[in-house]
Structure formats: structure tokens, C-alpha cells
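Remarks on the structure that follows.
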Amino acid sequence: MSTGFTATHHQNVAGSLWMIASMVAFSVEDVFLKRASAGLPVSMVMIVFGGLGMLVFAGICLVRRHALVPPELRHPSLLFRFWFEVFGRLFFTLSLVLTALSSTVAILQATPLVVVAGTALVFRERVSTGRWLAVFVGLCGVILILRPSASDFSGLSLLAVLGMLGLALRDLATRAAPRHVPNAVLGFYSYGSVVVAGAAYAAWERPPLAIPEASTVPVLAGAALAGALGYIALTEAMRTGDVSVVTPFRYTRLLFGLVSGILLFGETVDLLDIGGILLVTGSGFVVLVGGGRLQARERTSVRARPRSAAESETGT
-4 MSTGFTATHH QNVAGSLWMI ASMVAFSVED VFLKRASAGL PVSMVMIVFG
46 GLGMLVFAGI CLVRRHALVP PELRHPSLLF RFWFEVFGRL FFTLSLVLTA
96 LSSTVAILQA TPLVVVAGTA LVFRERVSTG RWLAVFVGLC GVILILRPSA
146 SDFSGLSLLA VLGMLGLALR DLATRAAPRH VPNAVLGFYS YGSVVVAGAA
196 YAAWERPPLA IPEASTVPVL AGAALAGALG YIALTEAMRT GDVSVVTPFR
246 YTRLLFGLVS GILLFGETVD LLDIGGILLV TGSGFVVLVG GGRLQARERT
296 SVRARPRSAA ESETGT
């Protein structure tokens, strides 16, 4: 964590449990979105889901008395963050709906690798040789999952890569954003980006006007609620435990995604998929633990700002 002190064992255990809970919630969100898309155009799924999520976070902001339109919103980094998230959310959702859940979630786990490379290239942060090697190995794992030279390769597989890149750019923009914007306000605009992404896709797709069926509305509401709970749990995780201890548990989302894909959607995973997943997970673990230890050393001399959920979760 980054609150200027080292967490106790109890705090690290609590933070780890919060992180696992957030990944469970995000996995439920993924499953519900994929289910909802079976009876509703993708663009409508995104618009309704995003609108419901905005209502949840608007309520949180109202209770906590946060201004929904703070002056910091005009800051260029927050504007970039919003549009990068529109891009990332659009392609992540398309990948979630049109391709296998397991591969989409696996590729999403490469986001921290791209963020590390981006911080070195954009912000000139020092990255050790070992972490650069981990980034390279992890990206090789993504290629192994995609297998672009295979005879059954589909261009739809690139949707997850585009989504992952958009969310990584979002995280980079967040690092340059004003430090005191509340997480609930960021959550409100994160779901707003889903609405904008859905509207943009609707303008291109031009689907027939469809009203969600009675059975679809609870699924979308459940997805929005699960996403909000995941966001809140993630924030608690990053505020409770040490980053180097808590953050690696984000990879439990990959386990939940694999199990959900196999049991609920009849997906299959072969040895090459498993190999790629292990490379992405292992390299991401190295990058996250290394980054957490570096931040811990920095905290001995400089009091760092609290991390927001947007800086910690690059999924949705």
C-alpha cells in the first residue's frame, strides 16, 4: 500500500482477501455481460450496463458528498484517461462477447506488463533489467495464446489485445492525473465511458432498436452491481495491505475466468494456451512484486499518495 507505513500481517491478509473478493466480483461481471449479450445487441448491453453502473456510483458520490463534476475533470490527463477507457472498454467487451472468456481474461492479465513498459518510455521511470525481461516473456505468452500463425487463427482474437492496450493507456493517464479525485468519481466516469463506447459501436453497427427482455435486465443489473462491488473491494485491498503482497492476488481473476469459461460456456484450453497463461501470469507476478518492493523502499523517504482502483485494476 502507499499510505506511508508498512502493513502488519493481519492487514496484509485482509488486503489479500479484499483483492480476491474484487476478482470474484469482476469475474461475475464478465459472466453476466457474456450471458446478456445472447439476447441483446452488444451496443445495447454496453449502454444499459454502463448506465446502471453510473447510477450506482452516482449514489455512492451522493452519500459521500463528492461532486460529480469537480474542476479537475478539465485536466488533460483525465480527459485522455476517459477516452482511452472508452477504447479499452469497447474492445474488451467485444472480445468478451465474441471470443472465449478464458482467452480474453488471460490476455487482459498482460496489462501490467504494458504499463511497466509505458512508465519507462513515457515517464522515464527506472525499470530494472529483470522487469524488462519479464515484460518480454509475458508478451511472448500473449503471442502463444493468440497463435497468429495457426490455421484456425481468427482476427477476433486481436480484440482482447486492443482492449488490453486501451486499458493500459488508461492506467498510464491515471498516473499523471490529479491525485485527489475520489475513487467513486473515477468509477462514475469509468462506467460513463462504457455508455459512450456502446453508443459509438451502435452508430457503426446500427442494430435494430431492442428493449431488454425481462430476463435480461436482472443479468445486466447484476453485472453492474458486481462491477461496482469489485471496484470498491479493489480500493479497500490497495488501502489495506502492502502492494507487493496484495497485488499479485489479482491473478486469481484468471483462475476464475478459466473455470467460468470451461464450466459455463463449454470452452476448451489446450497445452499451448496453458503455456501462454503461465508465461503471462509468471511475468506479471514478477513485475508486480518488483514494483511493490520498489514503492516500499521509496516510502521510507517520501510519503506517497493513496493508490486509486484505476491504478490497480486494469480489467474493467
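Just so it is clear: in the sequence shown, position 248 is 243 by the working numbering, and no numbers are missing. Glycine included, every Cβ here is placed at the ideal spot set by N, Cα and C. These numbers come from a predicted model, not from an experiment.
Legend entry - Per-residue DSSP class, three states only, for Thr169: Here Thr169 sits in helix by DSSP.
Inset, instruction - Let me know the secondary structure DSSP gives Arg245 once reduced to three states. - result: Three-state result, Arg245: helix.
Legend entry - C-beta contact flag for Gly236 and Gly10 at 8 angstroms: Result yes, Cβ atoms of Gly236 and Gly10 sit closer than 8 angstroms.
Inset, instruction - Would you mind reading off the limits of the alpha helix (DSSP H) that contains Arg84? - result: Annotation: the continuous alpha helix (DSSP H) that includes Arg84 extends over Pro71 to Leu93.
Inset, instruction - Check whether the region 39 to 53 touches the region 184 to 201, counting contact only when three or more Cβ pairs, one atom from each stretch, lie closer than 8 angstroms. - result: Yes, the region 39 to 53 is in contact with the region 184 to 201.
Legend entry - Exposure of Arg121, with buried meaning 16 or more beta-carbon neighbours within 10 Å: It is exposed - the Cβ of Arg121 has fewer than 16 other Cβ atoms within 10 Å.
Inset, instruction - Please state if the CB of Leu167 and the CB of Val81 are separated by a distance shorter than 8 angstroms. - result: Cβ distance not < 8 angstroms, so Val81 and Leu167 don't count as in contact.
Legend entry - Contacts around Glu24, its chain only, beta-carbon distance under 7 angstroms, and the 5 residues preceding and following it disregarded: Excluding residues within five positions, the ones whose Cβ falls inside 7 angstroms are Ala218, Ala221, Gly222, Gly225 and Thr311.
Inset, instruction - Please state if the CB of Leu85 and the CB of Ala192 are separated by a distance shorter than 8 angstroms. - result: For the pair Ala192 and Leu85, the CB atoms are nearer than the 8 angstroms cut-off.
Legend entry - Exposure label - Asp268; buried when at least 16 CB within 10 Å: Buried, by the Cβ-count rule.
Legend entry - Cα-Cα separation, Arg126 to Arg60: Each residue's Cα considered, the two are about 41 angstroms apart.
Legend entry - For His4, three-class secondary structure by DSSP: Of the three classes helix, strand and coil, the one that applies to His4 here is helix, per DSSP.
Inset, instruction - Measure the alpha-carbon distance for Leu73 versus Arg174 and round it to whole angstroms. - result: Rounded to whole angstroms, Leu73 to Arg174 spans 11 angstroms at the Cα level.
Inset, instruction - Could you name the residues of the same chain whose beta carbon sits closer than 6 angstroms to that of Phe244, not counting the 5 residues immediately before and after it, in chain order? - result: If we look at Phe244 and ignore the five residues flanking it on each side, its Cβ neighbours are Ser11, Met14 and Ile15.
Legend entry - Whether Val214 touches Ile42 by CB criterion (8 angstroms): It is not a contact, given that the beta carbons lie outside the stated cut-off.
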